[in-house]
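Heads up: the structure comes next, in structure tokens.
There are 2 protein chains.
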Amino acid sequence: MDGLSALLPPGRVLSDPDVLRSYSHDEAEWAPWELPAVVVRPRTAEEVQVVVRYCVERGIPVVTRGAGTGLSGGANATAGCAVIALDGMRAIREIDPLEKLAVVEPGVVNDDLRAACAEQGLWYPPDPASSPWSTIGGNVATNAGGVCCVKYGVTGDYVLGLQVVTGTGELVRLGRRTAKGVAGYDLTSLLVGSEGTLGVITEVTVRLRPRREPEHTVAGYFSSVVAAGLAVERIAAAGLTPSALELVDRQCLAAVDEWKNMGLSADADTVLLGRTDAPGAAGDAEADAMVACFEAAGATWSARSTNQAEADALFDARRLAYPALERLGPVLTEDICVPVGRVAEMLGRVQAIGERHDTTIANIAHAGDGNLHPLLLTRPGDEDGRARAQAAFADIIAEALELGGTVTGEHGVGLLKRDGLRRELDPAVLALHRAVRDALDPHHVLNPGKVFGQENE
Amino acid sequence: MDGLSALLPPGRVLSDPDVLRSYSHDEAEWAPWELPAVVVRPRTAEEVQVVVRYCVERGIPVVTRGAGTGLSGGANATAGCAVIALDGMRAIREIDPLEKLAVVEPGVVNDDLRAACAEQGLWYPPDPASSPWSTIGGNVATNAGGVCCVKYGVTGDYVLGLQVVTGTGELVRLGRRTAKGVAGYDLTSLLVGSEGTLGVITEVTVRLRPRREPEHTVAGYFSSVVAAGLAVERIAAAGLTPSALELVDRQCLAAVDEWKNMGLSADADTVLLGRTDAPGAAGDAEADAMVACFEAAGATWSARSTNQAEADALFDARRLAYPALERLGPVLTEDICVPVGRVAEMLGRVQAIGERHDTTIANIAHAGDGNLHPLLLTRPGDEDGRARAQAAFADIIAEALELGGTVTGEHGVGLLKRDGLRRELDPAVLALHRAVRDALDPHHVLNPGKVFGQENE
Numbered sequence: 001m002d003g004l005s006a007l008l009p010p011g012r013v014l015s016d017p018d019v020l021r022s023y024s025h026d027e028a029e030w031a032p033w034e035l036p037a038v039v040v041r042p043r044t045a046e047e048v049q050v051v052v053r054y055c056v057e058r059g060i061p062v063v064t065r066g067a068g069t070g071l072s073g074g075a076n077a078t079a080g081c082a083v084i085a086l087d088g089m090r091a092i093r094e095i096d097p098l099e100k101l102a103v104v105e106p107g108v109v110n111d112d113l114r115a116a117c118a119e120q121g122l123w124y125p126p127d128p129a130s131s132p133w134s135t136i137g138g139n140v141a142t143n144a145g146g147v148c149c150v151k152y153g154v155t156g157d158y159v160l161g162l163q164v165v166t167g168t169g170e171l172v173r174l175g176r177r178t179a180k181g182v183a184g185y186d187l188t189s190l191l192v193g194s195e196g197t198l199g200v201i202t203e204v205t206v207r208l209r210p211r212r213e214p215e216h217t218v219a220g221y222f223s224s225v226v227a228a229g230l231a232v233e234r235i236a237a238a239g240l241t242p243s244a245l246e247l248v249d250r251q252c253l254a255a256v257d258e259w260k261n262m263g264l265s266a267d268a269d270t271v272l273l274g275r276t277d278a279p280g281a282a283g284d285a286e287a288d289a290m291v292a293c294f295e296a297a298g299a300t301w302s303a304r305s306t307n308q309a310e311a312d313a314l315f316d317a318r319r320l321a322y323p324a325l326e327r328l329g330p331v332l333t334e335d336i337c338v339p340v341g342r343v344a345e346m347l348g349r350v351q352a353i354g355e356r357h358d359t360t361i362a363n364i365a366h367a368g369d370g371n372l373h374p375l376l377l378t379r380p381g382d383e384d385g386r387a388r389a390q391a392a393f394a395d396i397i398a399e400a401l402e403l404g405g406t407v408t409g410e411h412g413v414g415l416l417k418r419d420g421l422r423r424e425l426d427p428a429v430l431a432l433h434r435a436v437r438d439a440l441d442p443h444h445v446l447n448p449g450k451v452f453g454q455e456n457e
Numbered sequence: 001m002d003g004l005s006a007l008l009p010p011g012r013v014l015s016d017p018d019v020l021r022s023y024s025h026d027e028a029e030w031a032p033w034e035l036p037a038v039v040v041r042p043r044t045a046e047e048v049q050v051v052v053r054y055c056v057e058r059g060i061p062v063v064t065r066g067a068g069t070g071l072s073g074g075a076n077a078t079a080g081c082a083v084i085a086l087d088g089m090r091a092i093r094e095i096d097p098l099e100k101l102a103v104v105e106p107g108v109v110n111d112d113l114r115a116a117c118a119e120q121g122l123w124y125p126p127d128p129a130s131s132p133w134s135t136i137g138g139n140v141a142t143n144a145g146g147v148c149c150v151k152y153g154v155t156g157d158y159v160l161g162l163q164v165v166t167g168t169g170e171l172v173r174l175g176r177r178t179a180k181g182v183a184g185y186d187l188t189s190l191l192v193g194s195e196g197t198l199g200v201i202t203e204v205t206v207r208l209r210p211r212r213e214p215e216h217t218v219a220g221y222f223s224s225v226v227a228a229g230l231a232v233e234r235i236a237a238a239g240l241t242p243s244a245l246e247l248v249d250r251q252c253l254a255a256v257d258e259w260k261n262m263g264l265s266a267d268a269d270t271v272l273l274g275r276t277d278a279p280g281a282a283g284d285a286e287a288d289a290m291v292a293c294f295e296a297a298g299a300t301w302s303a304r305s306t307n308q309a310e311a312d313a314l315f316d317a318r319r320l321a322y323p324a325l326e327r328l329g330p331v332l333t334e335d336i337c338v339p340v341g342r343v344a345e346m347l348g349r350v351q352a353i354g355e356r357h358d359t360t361i362a363n364i365a366h367a368g369d370g371n372l373h374p375l376l377l378t379r380p381g382d383e384d385g386r387a388r389a390q391a392a393f394a395d396i397i398a399e400a401l402e403l404g405g406t407v408t409g410e411h412g413v414g415l416l417k418r419d420g421l422r423r424e425l426d427p428a429v430l431a432l433h434r435a436v437r438d439a440l441d442p443h444h445v446l447n448p449g450k451v452f453g454q455e456n457e
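Residue numbers (the UniProt record's numbering), protein chains in the order written: chain Y, 1 to 457; chain L, 1 to 457.
In structure tokens:
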């Protein structure tokens with residue numbers, strides 16, 4: 001692709017094999033990937049447009065990526081593709097305290113945006129566990145979730161507008177800067193979560209909130225994941241709106257503790273971590289009500305945390321669970337989401353599935369949302385164990401659908417959930433998806449093979 | 001269309017001229033309409049599917065409507081079309097307090113859903129002024145706003161899933177019942193606000209919230225709309241999150257009072273009505289902070305309402321302003337939305353536009369959102385005044401765009417804002433819209449001529 005280099009400033013087009021390898025896949029350990037033909041690191045929307053137009057003219061697949069922290073293989077390179085890496089476009093262009101919005105380039109790291117907003121008394125809520133590394137562009141492309149979603153919603157709830165290069169190489173602005181607006185179709189929401197198949201995002205306008213009240217933390221210890229699941233249901237039934245409601249099991253706590261020596265040796269099988277940011281006395285009352293729900297559901301121990309450092313350590317452990325387990329061997333991450341009333345049943349089923357397939361399954365979960373992340377653990381090089389884990393993975397998907405759930409709550413379809421998507425959606429609905437994709441990417445150059453699978457599948 | 005009658009149970013297909021006339025237009029006083037060929041009042045999704053398939057096969061335009069309370073002509077009949085009136089499909093199928101969702105037929109009236117939810121301690125927030133009459137299906141098709149949007153968002157923020165008959169006559173389910181989910185494109189959001197051009201909605205699954213705290217009301221009197229606009233900006237700058245922030249001018253209050261004798265003779269040019277539903281002491285503090293903002297912005301009088309009946313009367317007056325003015329003559333309703341920091345300037349410009357075109361303009365506004373509804377008043381039969389009002393309408397749109405606003409904040413494009421849409425969106429973005437429309441309505445039978453205009457325009 002020497003021709004492409006000539007169209008861009010020096011240094012943008014990279015083809016060193018080590019570079020190609022380092023940009024060739026995300027963190028979905030088990031998803032296939034190939035080496036790209038080139039990696040392009042544009043600095044402007046116009047440079048992105050040059051790359052897309054070049055690829056459209058030649059039928060070269062375009063795979064877009066941010067930090068590569070995805071867990072479904074959505075950013076994995078295909079043979080001969082051009083990877084557009086947006087990690088060099090990391091300017092925060094504007095934070096407007098009056099309109100409560102920010103305009104950022106797609107490569108801005110989630111935590112960096114949050115910190116910049118906090119300096120002005122503002123808050124950008126979406127907080128995936130990858131927030132120290134993942135980018136806003138990637139968060140938008142996958143409609144990333146996080147801990148605060150249970151009260152504050154997901155990334156898409158904060159996207160007001162996008163600048164996008166389309167599958168025909170047009171550079172367009174979608175959405176708006178006003179609080180409301182219904183002029184035309186909501187193409188902004190259509191792009192959110194489209195995993196690079198409908199356009200390349202070159203700028204994001206996000207909605208912000210005023211800084212919130214300090215949170216109270218509540219912890220509960222339970223003798224099983226099912227008992228913890230019943231406590232989650234009880235909190236929903238009580239009409240509480242926690243600002244976080246996370247589940248971490250003993251295997252995860254032990255793995256984090258072994259790595260970080262945080263003194264987390266919880267005397268429990270499963271821990272629930274709740275938070276409330278209701279102001280003043282309402283926050284106190286909600287924290288007390290959460291403790292009461294935990295106790296009524298049979299918690300072996302439950303209390304409000306009086307020590308902020310200790311509370312933060314528990315949430316850090318939640319965030320670090322995935323990398324901590326990865327240190328021990330290949331991890332296959334699930335991402336099902338079920339109705340809140342089915343959380344306990346699904347957690348029980350996951351346990352049974354692990355036993356059935358002789359597979360160790362650890363659990364973290366955005367429990368309040370019903371978004372479960374069973375983590376299927378294998379030993380390095382254990383091919384038989386790997387096959388058993390894959391069978392368990394398929395069963396988890398099937399049983400989540402049986403309970404009225406979805407195959408992906410926040411990680412996206414990518415490569416790992418393509419079969420799941422076909423199980424979840426009717427053929428007529430899949431046909432609508434393809435029609436929309438054909439409308440916006442008529443040449444099929446944008447991340448082909450992801451989400452839907454190849455054309456002949 | 002005798003053939004259609006034979007495919008449906010008796011009484012569904014209506015062709016009495018009076019019936020045709022009564023279903024031929026919405027409340028957009030100045031939008032053109034024709035008599036439909038038939039009106040069909042289906043009772044099930046399958047019956048809707050029969051009608052759409054019949055029309056697809058014969059190229060008959062389908063115009064879908066709920067209660068017909070729209071203000072942009074989006075539900076106006078075109079010559080020879082089939083009107084599908086969903087006002088007979090008004091079952092609330094399910095309210096689930098644990099999952100906090102409801103499943104309803106499209107003809108359920110907004111206030112009826114709210115009342116049914118309240119019985120179970122739940123709250124359906126979207127509250128357009130038409131809520132006593134308008135239907136959830138119509139609210140979804142236009143992405144209706146309302147008073148509580150300033151804190152709680154618009155209709156689309158509450159739509160979890162839809163059942164839809166597509167432009168090819170397929171009956172499909174989009175979206176989900178879980179709190180989160182990213183399996184495939186967000187086609188649900190694409191359908192929301194698509195004004196009947198992408199599918200006919202036959203069922204809606206909405207998200208609910210727990211019942212909220214009682215609200216405190218704050219009123220402020222101002223000597224001009226511009227002064228009131230500056231108070232709105234001050235509230236945003238202070239980082240307050242009122243649960244309502246409405247503007248009503250003296251002309252509206254006088255018209256309502258003349259009609260309803262509510263004793264509203266406000267000693268002010270413009271009234272701002274704020275509310276807060278923050279719990280306990282936080283609510284008291286936020287109400288006091290609003291009063292302080294009003295006073296700092298030069299309110300001639302401002303206070304917290306200590307009398308609930310009086311507070312409700314002021315909000316009733318806000319809701320009744322439009323019908324009250326309609327009693328006096330034809331009203332052309334504007335629906336621009338500008339950034340909060342431009343509200344005062346835009347209100348000043350509206351005043352100047354009215355003077356320039358010798359047109360009386362009253363004002364109501366969801367001021368906290370920047371969503372302004374200048375109401376252009378004419379005398380019955382005054383053709384010259386009507387032409388002046390239309391010139392003023394065009395100027396308001398142009399100046400809203402100049403200030404970074406949108407031509408429609410919550411009423412939709414319909415017929416009245418088609419020119420505005422073409423001014424607001426780039427040709428490349430309009431082309432994306434047409435591509436998406438062609439994907440989902442390939443035969444161009446769904447509300448043709450609305451939103452985009454005719455094909456040759």
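Beta carbons are placed, not taken as given, at the ideal position from N, Cα and C, and that holds for glycine.
Counted within 10 angstroms of its Cβ, other Cβ atoms place residue i as buried (16 or more) or exposed
i	result
Q251(Y)	buried
E119(L)	exposed
N371(Y)	buried
N307(L)	exposed
V451(Y)	buried
A321(Y)	buried
D382(Y)	exposed
D127(L)	buried
A352(Y)	exposed
S194(L)	buried
S243(Y)	buried
P36(Y)	buried
E457(Y)	Its pLDDT being 44, under 50, E457(Y) is placed unreliably in this model, and the value from its coordinates should be taken loosely. Exposed is the call here.
P125(Y)	buried
P9(L)	exposed
V13(L)	buried
Residues that residue i contacts on chain L, provided the C-beta gap is smaller than 7 angstroms
i	result
V338(Y)	T178
V154(Y)	K180
A394(Y)	Residues of chain L passing the Cβ test: none, with the nearest at roughly 16 angstroms.
C149(Y)	K180
V407(Y)	A183
8 angstroms contact criterion, which residue i and residue j should meet: CB distance rounded
i	j	result
V63(L)	T44(L)	About 19 angstroms separates the two Cβ atoms, so there is no contact after all.
R207(Y)	K100(Y)	6 angstroms
residue 460(L)	D277(L)	Here chain L comprises residues numbered 1 to 457, so residue 460(L) is not present and cannot be evaluated.
Chain-ordered chain Y contacts of residue i [CB-CB under 7 angstroms]
i	result
V343(L)	Those within 7 angstroms of V343(L) in chain Y number zero; the least Cβ separation is about 11 angstroms.
Chain-ordered neighbours of residue i on chain L, where CB pairs are closer than 8 angstroms
i	result
V140(Y)	Near V140(Y) there are no residues of chain L at all, since even the closest Cβ is about 12 angstroms away, more than 8 angstroms.
Chain-ordered chain Y contacts of residue i [CB-CB under 8 angstroms]
i	result
H444(L)	Under the 8 angstroms cutoff, chain Y gives no residues; its nearest Cβ is about 14 angstroms from H444(L).
L440(L)	L432, A435, V436
L425(L)	A183, G184
Minimum Cβ-Cβ distance from residue i to chain A less than 7 angstroms
i	result
D369(L)	Protein chains Y and L are contained in the structure displayed, whereas chain A is not.
Paired residues, beta bridge with residue i - DSSP
i	result
E94(Y)	V103(Y)
R65(L)	A85(L)
Residues that residue i contacts on chain Y, provided the C-beta gap is smaller than 9 angstroms
i	result
V429(L)	E170, V172, R173, L174, G184, L187
- [ ] Please go through the segment 170–251 of chain L and give each complete beta strand (DSSP E) segment of 3 or more residues, from N-terminal end onward.
- [x] 171–175, 200–207, 216–222, 244–249
Open item on the list: In chain order, what are the residue ranges of uninterrupted beta strand (DSSP E) at least 3 long that sit wholly in the segment 263–297 of chain L?
Closed with: 270–276
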